[in-house]
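J.: Handing you this structure, nothing more for now.
Residue numbers (our numbering), protein chains in the order written: chain A, 37 to 400; chain B, 376 to 1044.
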């Protein structure tokens, strides 16, 4: 069993041509070299439990529909560490930010470590790296010391870092700029803009309170950011002060921000934005819809009650299948697979708190 | 039967000794400890002190007196509690590491810890860290599982699944008007703990005792841990602790029927929290500052042989500060809680052997924090317990009914609904034969724990709609004790089988981004506790004590048949656990060997290999010697702990210290 997925991943390496960081890329300025026609597999990142040192990466074999054991542990005879926050496939390598262990790990496609870089500030405090985006030979990652750092993928060293704001979270790139959610640990209300060439912060765009883990560049070239608001429905606040979770659109040409619709998790495929929406205190608001970015109309997707605690949503770029992870009480996550119209296809058992699925297509 | 007759004779002899020659006994005891006075009169059975109290109770009760604790080599409260059966200690390692007591897998929040008869409360976390109490001024520890036979106590003591009662030393001035006891403990990893206990009889009416101790430790012990095939060889850091404790007791005898006892307790500590071991990230800088002050007053009036009343009051103030230096900015959170508590219990014995009690408690608790959106909750609790107890040489029976009424207020947001509930408990012990020390017991208790302030109001994860977490406990057991003169001074065995059911278990469940406290869990526990102990006189001055416990516990999650954790053993609960002790008393030396064992456990509800925590055994050896000179005594004790030198984990990623040593010097006057 183990040998099979190894073969598969080796094949993937042989095919490797061009890749971008997971699903949040492929924007206008760079037309794809060739269009993928098949998804051969996917890496599954499991964040693991807080303080549990149980982050892991699994391999999903598309043909067989099976999930491997922990690739990282198999390749390195040790645990990936504590809290695997993000996983990025770029070029011929995999990058993982491990937040609790405060390191960024560079791996080959079998998850064998090429280099692991511990991340601390001048006072030797761990900076807890968070999310990544990759462009032009660099991987950019946010960290809780308020910075975005630049990792050169050739020299595999950090070539700079820039202060962006308090508790930066998800980020993406579009039109030569990085867009960085500044969460302020719940009190931030901006998206920082960093010019990639000069690697300097140029401005803050005002958004709704608490932009957090969702910041993507969609196929239409726009940047989409989700703000978590202030947990609307909280009885400690009057209704007039509730701020709902919302998706906003940033035009990377003008940097104008436009509020679009309520959302908690978003994933993009062509003109469709798949949206999960669940206000913490307001169970009646919960819904899962497909939002058409062109017509601005929404259509039903799935019954969200089948996923009581979603942790991530990713889309297979070839088939358009939607992968949503669910973390049930007390046990490892399930990965629920739906086709693009919301028909249930399959349920796979994964690790603790599955937070990302990174697809490997045959053009990579 | 022959043996039984002998035993009967022996008991008669002991009984005579107890009644007719009390002075001799006290003297004997006093050699071990200046203040080891046995002041529990009510439940002393005719077997006398040789037969442990737990044998006659109708629900499992275990008791350790100061002399026994010294014999076991126990230096901390948690060391002593480890010898109780059916009880597990969650230990985060080291001297500054939190230690909480859980009874039969129910979790520490179901255990009431009382200090001189008054419950210690923490309405924020709901659990009591027993490492904050010193053992030096403790005279007795009692562990009750289910409802105690002692009905003459506060209503709060009826309101939990079990209780650990800590009784401090009450000075005895029969022979001299003052006592002084000083002690210094020193040990590995920079541990130093001097203490002093002074008591003085001021007049016929007044006496006082004062206790103080200081504790410091670096706690930076080395440990080894495997990350896959990589060995982590490191030291715990930021695990230092410094603690001051002071206690003042004032005893007043108003007349031969009435007493008043006042206690003031001051606790101040600062410590580093080393946190769990995180792979590739050894940084730890979190500091915890604790202050706990309380004063309690206890009044008793024994109107007649048939009526008595006790009343107590307490004011408790706890403050702590949690400070952390991080790359994302420093955090500095303060927490403050108070408790005002009043209790009165009326007891009567209208017919010999049949007694009733009515206890009424009132408590007010509040919490304020500097956390974002603190709701400043306050809680009013009214507890009323009505209990009946019957005892004759064959039967011991206890029944009680507790009424709980709780109402809460918050400054912002919505408070939890009022809670009203009736909780019954019943227990019976039967001795079928006159001449055999054999008893059968059965008990049932239906009780709950209220959600803590953290469960209800903590930041986002708190949930004010939580219901109480209910427990039902059924216990069936047998106890047997006997003596075989000239061979075995006494031998006792108790075997209890039990069934526990937890409903509406309060757990944190993940939702989108945020965790939420919810009543989702159901747990079913089947278990067996076995206790055995014997005492053998080998020759004049040569004695052998052997005790052992074995616990089987199958505690399974039965929340959802479709889930991955259905019928999985719940987290941190070993199926098999046990402890053993062998003590040899020689005229010139005492030798003690202790062992504790726990089988594999899981750190999460899911019993997968990744979550498994390896079984452990912990061995320790203790040697002590006592010197006497006139009224003075001097004692030296050497301890070698965790002889196996394995950094086993009770809580995953919190390695325990390896082999370490302690020396104790004690001087009594």
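Heads up, the beta-carbon is just placed ideally off N, CA and C, and yes, glycines get one too.
#1: Does DSSP put residue 207(A) in a helix, in a strand, or in coil?
#2: Out of 911(B), 835(B) and 761(B), point me to the one whose CA is closest to residue 860(B)'s CA.
#3: Straight-line CA distance for residue 405(B) to residue 1002(B)?
#4: For the stretch 875-891 of chain B, which residues have a beta carbon sitting closer than 8 Å to at least one beta carbon of chain A?
#5: Given residue 618(B), which residues of its chain have a CB within under 6 Å of its CB, disregarding the five upstream and five downstream residues?
#6: Using a beta-carbon distance below 7 Å, is residue 161(A) in contact with chain D?
#7: Output yes if chain B places a C-beta closer than 7 Å to the C-beta of residue 118(A); else output no.
#8: I need the straight-line Cα distance from residue 674(B) to residue 681(B), nearest angstrom please.
#9: Is there a Cβ from chain A that is less than 7 Å from the Cβ of residue 658(B)?
#10: For residue 593(B), which residues of its own chain have a beta-carbon under 6 Å away from its beta-carbon, when the five flanking residues on both sides are left out?
#11: With DSSP as the reference, label residue 851(B) as helix, strand or coil.
#12: Helix, strand or coil for residue 275(A), going by three-state DSSP, please let me know.
#13: When DSSP builds the beta bridges, which residues end up paired with residue 174(A)?
#14: Got a sec: which bits of the stretch 819-846 of chain B sit with their beta carbon under 9 Å from any beta carbon on chain A, in order along the chain?
#15: Assuming residue 1031(B) and residue 1022(B) are in contact, meaning their beta carbons sit under 8 Å apart, how far apart are those beta carbons, in whole angstroms?
#16: Mind listing the chain B neighbours of residue 364(A)? Cutoff is C-beta to C-beta under 9 Å, in chain order.
#17: On the DSSP bridge list, what partners appear for residue 912(B)?
#18: Using a Cβ-Cβ cutoff of less than 6 Å, which residues in the same chain neighbour residue 256(A) once the five nearest sequence positions on both sides are dropped?
#19: Can you list, in chain order, the residues of the stretch 333-354 of chain A whose Cβ is nearer than 8 Å to any Cβ on chain B?
#20: Hey, residue 538(B) and residue 523(B) are a contact pair by Cβ (cut 8 Å); roughly how many whole angstroms apart?
#21: Output, in sequence order along the chain, the residues in the stretch 1021-1034 of chain B whose CB is closer than 9 Å to any CB in chain A.
#22: Round the Cβ separation of residue 977(B) and residue 988(B) to the nearest angstrom and send it over; I've been treating them as touching at under 8 Å.
#23: Report the neighbours of residue 272(A) on chain B: residues whose CB is nearer than 7 Å to its CB, in chain order.
#24: Check whether chain A comes within 7 Å of residue 412(B), counting only Cβ atoms and requiring the distance to be less than that.
#25: At the 7 Å Cβ level, is residue 139(A) part of the contact set with chain B, yes or no?
#26: Nearest-angstrom Cα distance between residue 411(B) and residue 835(B)?
#27: Going by DSSP, which residues form a beta bridge with residue 735(B)?
#28: Please identify the residue among 473(B), 484(B) and 508(B) whose C-alpha is closest to the C-alpha of residue 490(B).
#29: For the stretch 80-110 of chain A, list every residue whose C-beta sits within 8 Å of some C-beta in chain B, in sequence order.
#30: So with CB distances below 8 Å, who are the chain B contacts of residue 300(A)?
#31: Could you say which of 531(B), 520(B), 574(B) and 518(B) lies nearest to residue 545(B) if we only look at CA atoms?
#32: Which chain B residues are close to residue 115(A), counting only those with a beta carbon under 7 Å from its beta carbon?
#33: At which residues does the beta strand (DSSP E) containing residue 624(B) begin and terminate?
#34: Is there contact here, the stretch 359-379 of chain A with the stretch 935-942 of chain B, by at least three beta-carbon pairs under 8 Å?
#35: Quick one, which residues of the stretch 310-325 of chain A are near chain B if we go by CB-CB under 7 Å, in chain order?
#36: May I have a chain-ordered list of the beta strand (DSSP E) segments no shorter than 3 residues that lie completely inside the stretch 774-861 of chain B?
T.: In brief:
#1: strand
#2: The residue with the shortest Cα to Cα distance from residue 860(B) is 911(B).
#3: In this prediction, residue 405(B) scores a pLDDT of 34, lower than 50, which makes its location untrustworthy; no coordinate-derived value is stated.
#4: 882, 884, 885, 886, 887, 888, 889 and 891
#5: 590 and 644
#6: Reference to chain D is not applicable here, since the protein chains of this structure are A and B.
#7: yes
#8: 18 Å
#9: yes
#10: 564, 565 and 615
#11: When secondary structure is reduced to three states using DSSP, residue 851(B) falls in the strand class.
#12: If DSSP states are grouped into helix, strand and coil, residue 275(A) belongs with the helices.
#13: 171(A) and 188(A)
#14: 835 and 839
#15: Yes, they are in contact, since the Cβ atoms of residue 1031(B) and residue 1022(B) sit about 6 Å apart, within 8 Å.
#16: Within chain B, the residues near residue 364(A) are 884, 885, 935, 938, 939 and 940.
#17: According to DSSP, residue 912(B) shares a beta bridge with 918(B).
#18: Only 329 meet the Cβ criterion.
#19: 344, 345, 346 and 347
#20: 7 Å
#21: 1027 and 1028
#22: 7 Å
#23: 748, 750, 787 and 788, listed in chain order.
#24: Annotation note: pLDDT 35 at residue 412(B) (below 50); position unreliable, no value reported.
#25: yes
#26: Residue confidence for residue 411(B) is low, a pLDDT of 34 falling below 50, so the modelled location carries little weight and cannot support an answer.
#27: 719(B) and 759(B)
#28: 508(B)
#29: Only 85, 87, 88, 89, 90 and 109 from the stretch 80-110 of chain A bring a Cβ to less than 8 Å from some Cβ of chain B.
#30: 887 and 888
#31: 574(B)
#32: Neighbours of residue 115(A) on chain B, chain order: 602, 603 and 654.
#33: Counting along the chain, the unbroken beta strand (DSSP E) around residue 624(B) starts and ends at 616-628.
#34: yes
#35: 314 and 316
#36: Within the stretch 774-861 of chain B, the complete beta strand (DSSP E) runs of at least 3 residues fall at 794-805, 813-824 and 844-859.
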